[in-house]
Amino acid sequence: MQKKFVPVMITPFNLKARIDLGMVEALVDFYLEAGVKGFFANCLSSEMYSISEDERLELTQHVVRYVNGRVPVVATGSFGLTINDKAEFTKKIYDTGVDSVIMITGHFANVDEPDDILLERFDQMFSLTGDIPLGLYECPAPYKRIITPAILKTLLATNRLIYHKDTSCNVEQVKAKLDVVKGSRLEFYDAHTPNAVASMQMGAAGMSSISGNFYPEILVWLCKNVLEEDKQEDVRWIQSELQRVDPLIHIAYPMSAKYFLQQRGFPVRTISRAHALELTPEQKQTLQQIHRDFLGWCERLQIQPVQAAALPSH
Numbered sequence: 414m415q416k417k418f419v420p421v422m423i424t425p426f427n428l429k430a431r432i433d434l435g436m437v438e439a440l441v442d443f444y445l446e447a448g449v450k451g452f453f454a455n456c457l458s459s460e461m462y463s464i465s466e467d468e469r470l471e472l473t474q475h476v477v478r479y480v481n482g483r484v485p486v487v488a489t490g491s492f493g494l495t496i497n498d499k500a501e502f503t504k505k506i507y508d509t510g511v512d513s514v515i516m517i518t519g520h521f522a523n524v525d526e527p528d529d530i531l532l533e534r535f536d537q538m539f540s541l542t543g544d545i546p547l548g549l550y551e552c553p554a555p556y557k558r559i560i561t562p563a564i565l566k567t568l569l570a571t572n573r574l575i576y577h578k579d580t581s582c583n584v585e586q587v588k589a590k591l592d593v594v595k596g597s598r599l600e601f602y603d604a605h606t607p608n609a610v611a612s613m614q615m616g617a618a619g620m621s622s623i624s625g626n627f628y629p630e631i632l633v634w635l636c637k638n639v640l641e642e643d644k645q646e647d648v649r650w651i652q653s654e655l656q657r658v659d660p661l662i663h664i665a666y667p668m669s670a671k672y673f674l675q676q677r678g679f680p681v682r683t684i685s686r687a688h689a690l691e692l693t694p695e696q697k698q699t700l701q702q703i704h705r706d707f708l709g710w711c712e713r714l715q716i717q718p719v720q721a722a723a724l725p726s727h
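Here the sequence shown is numbered in my numbering, starting from 414 and rising by one per residue.
Right under this line is the structure:
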């Protein structure tokens, strides 16, 4: 089965730091032209903690409408102080037309609370949200709550989960969870680019990593070719390249992604609500070098990078 790349979407802002919906459309076109198989809207990369409830809904709805069924869209919904609040917002996000509403694992128990409390609250959430298809996201904020294979098995038995975005960054943990989800309808996506090849070869549905906001064509190529026997030399090579640059693109993210897209010719402003600092000259030089590396990767793998000029104007 074809592996899928699902980007965690960044949010472009205008000069007044309001969401630039025209540029959101341009980004959707860019991702689709690169060959992505879905979208994760309203996520950490989207600066979801720095936008209002109304903006989260407006952004998600705009993405859903513009994508118009071409690929699935998921979005985070577990916002609010109480479980009731989270359930209400989940319904609102679902009403935008997304295929699944994603729950942040760290929203359901404090860092010092045990897993039985976590399960209790998920149980409440399930009972308050009817038959809305749900997913899990081990988001790094407010803190990273990694779901154990045992917890995943328990939650899977409810038949409500269809999506999981894993940030354990641990191949053994990933393998144990993939064993649990085998045969279910849950699609497992690894967020950790250095794990890409191992995860997909062990059965993950695909990848959903921030690197797709820099060079989605490369991740799409990897998803397409990771199981092809005659491509394994290139697969290993590009995995090592991605692993090498991965820590560098995380610095000053998502500002780094916006700057990188500028290097690629996309008129995305380097305005971020989540990262207030300007990029340093050194950070810019690093990203410029990675951009040159990216063009070299495309040459070796015979990938035609998406050109900004070839996209519809907005």
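Note that beta-carbon positions come from the ideal geometry of N, C-alpha and C, so glycine has one too.
These numbers were taken from a predicted model, which means no experiment stands behind them.
Backbone CA spacing between E501 and A609 [nearest angstrom] = On the sequence shown, position 88 is the one that residue 501 refers to. On the sequence shown, position 196 is the one that residue 609 refers to. Approximately 35 Å between the Cα atoms of the pair.
Roughly how many whole angstroms lie between the Cα atoms of P562 and I631?
-> On the sequence shown, residue 562 is found 149 positions in, with the first residue counted as 1. On the sequence shown, residue 631 is found 218 positions in, with the first residue counted as 1. Within the model, the alpha-carbon separation for P562 versus I631 is close to 30 Å.
Local conformation of G451 per DSSP, three classes = Here residue 451 is taken as the residue at index 38 of the sequence shown, counted from 1. For G451, the secondary structure class from DSSP, reduced to helix, strand or coil, is coil.
May I ask you to list the residues that DSSP assigns as paired with G548?
-> One-based indexing of the sequence shown puts residue 548 at position 135. Looking at the DSSP output, G548 bridges to I515 and Y576.
Out of V593, V587 and R598, point me to the one whose CA is closest to A611's CA.
-> The residue labelled residue 611 in the question sits at position 198 within the sequence shown. Ranked by Cα distance from A611, the first of V593, V587 and R598 is V587.
Which stretch, first to last residue, makes up the beta strand (DSSP E) that contains T495?
-> Working through the sequence shown from its first residue, we reach residue 495 at position 82. Looking at the DSSP string, T495 is not in any beta strand (DSSP E), and its letter there is neither H nor E.
Measure the beta-carbon distance from L547 to S513 and round it to whole angstroms, keeping in mind my assumption that it falls under 8 Å.
-> Mapped onto the sequence shown, residue 547 falls at position 134. Mapped onto the sequence shown, residue 513 falls at position 100. Indeed, because the Cβ distance is near 6 Å, the residues count as touching under 8 Å.
Decide if R558 is buried, meaning its Cβ has at least 16 other Cβ atoms within 10 Å, or exposed.
-> For the purposes of this step, residue 558 is taken as residue 145 along the sequence shown, with counting starting at 1. Around the beta carbon of R558, 16 or more other beta carbons lie within 10 angstroms, which makes this residue buried.
Quickly, what does DSSP pair A670 with across the bridge? List them, please.
-> Taking the sequence shown and counting its residues from 1, one reaches residue 670 at position 257. Under the DSSP definition of a beta bridge, A670 lacks any partner.
Contact between the stretch 631-650 and the stretch 682-701: three or more CB pairs below 8 Å?
-> In the pairwise beta carbon analysis, the stretch 631-650 is classified as not touching the stretch 682-701: fewer than three pairs are separated by under 8 Å.
Beta carbon of M422 nearer than 8 Å to that of L434 | Counting from 1 along the sequence shown, the entry for residue 422 is found at position 9. Counting from 1 along the sequence shown, the entry for residue 434 is found at position 21. Contact: no.
Would you tell me roughly how many angstroms separate the C-alpha atoms of H545 and D528, rounded to the nearest one?
-> By one-based count along the sequence shown, residue 545 stands at place 132. By one-based count along the sequence shown, residue 528 stands at place 115. Reading the sequence as shown, one finds Ile at residue 545 and not His. Approximately 23 Å, taken between the alpha carbons.
Quick one: what does DSSP say F728 is sitting in, helix, strand or coil?
-> Because the chain spans 414 through 727 in this model, residue 728 falls outside it and cannot be assessed.
Mind checking whether L574 and L599 have CB atoms under 8 Å apart?
-> Position 161 of the sequence shown, counted from the start, is the residue given in the question as residue 574. Position 186 of the sequence shown, counted from the start, is the residue given in the question as residue 599. Yes; because the gap between Cβ atoms is below 8 Å, this pair is in contact.
With burial defined as no fewer than 16 other Cβ atoms inside 10 Å of the residue's Cβ, what is the status of D498: buried or exposed?
-> Here residue 498 is taken as the residue at index 85 of the sequence shown, counted from 1. So D498 ends up on the exposed side.
Unbroken stretches of the alpha helix (DSSP H), 4 residues or longer, contained in the stretch 590-635 | Here the runs fully enclosed are 609-614.
Tell me, to the nearest whole angstrom, how far the beta carbon of D659 is from that of S624; I am working on the premise that it is less than 8 Å.
-> Mapped onto the sequence shown, residue 659 falls at position 246. Mapped onto the sequence shown, residue 624 falls at position 211. Rounded, the Cβ-Cβ distance is 7 Å, consistent with contact.
Excluding sequence positions up to five away, which residues of its chain have a Cβ less than 6 Å from the Cβ of K578?
-> Within the sequence shown, residue 578 is the residue found at index 165, counting from 1. Counting only Cβ-Cβ distances below 6 Å, and skipping sequence neighbours, we find Y550, Y602, A604 and S621.
Quick one: grab the DSSP three-state call for K504.
-> Within the sequence shown, numbered from 1, the residue matching residue 504 stands at position 91. The answer is helix: DSSP assigns K504 an H, G or I state.
What separation, rounded to the nearest whole angstrom, lies between the Cα atoms of A617 and V719?
-> Translated into the one-based positions of the sequence shown, residue 617 becomes position 204. Translated into the one-based positions of the sequence shown, residue 719 becomes position 306. The alpha-carbon of A617 is positioned some 26 Å away from that of V719.
Same chain, Cβ closer than 8 Å to F426, five either side skipped, listed in chain order = Your numbering for residue 426 matches position 13 in the sequence shown. Residues of the same chain with a CB within less than 8 Å of the CB of F426, apart from the 5 flanking positions on each side, are I432, D433, R682, I684, S685 and R686 in chain order.
What separation, rounded to the nearest whole angstrom, lies between the Cα atoms of A721 and G678?
-> Position 308 of the sequence shown, counting from 1, holds the residue named residue 721. Position 265 of the sequence shown, counting from 1, holds the residue named residue 678. Rounded to whole angstroms, A721 and G678 show a C-alpha spacing of 6 Å.
Candidates V477, M516 and S458: closest to G490 by CA position | The residue labelled residue 490 in the question sits at position 77 within the sequence shown. A check of alpha carbon separations from G490 across V477, M516 and S458 identifies M516 as the nearest.
For V524, collect the residues of the same chain with a Cβ closer than 6 Å to its Cβ; drop the 5 residues on either side in sequence, then sort them by chain order.
-> For the purposes of this step, residue 524 is identified with residue 111 of the sequence shown, where counting begins at 1. So the qualifying residues of the chain are Y556.
V449 beta carbon less than 8 Å from that of F418 | Translated into the one-based positions of the sequence shown, residue 418 becomes position 5. Translated into the one-based positions of the sequence shown, residue 449 becomes position 36. Yes. Within cutoff.
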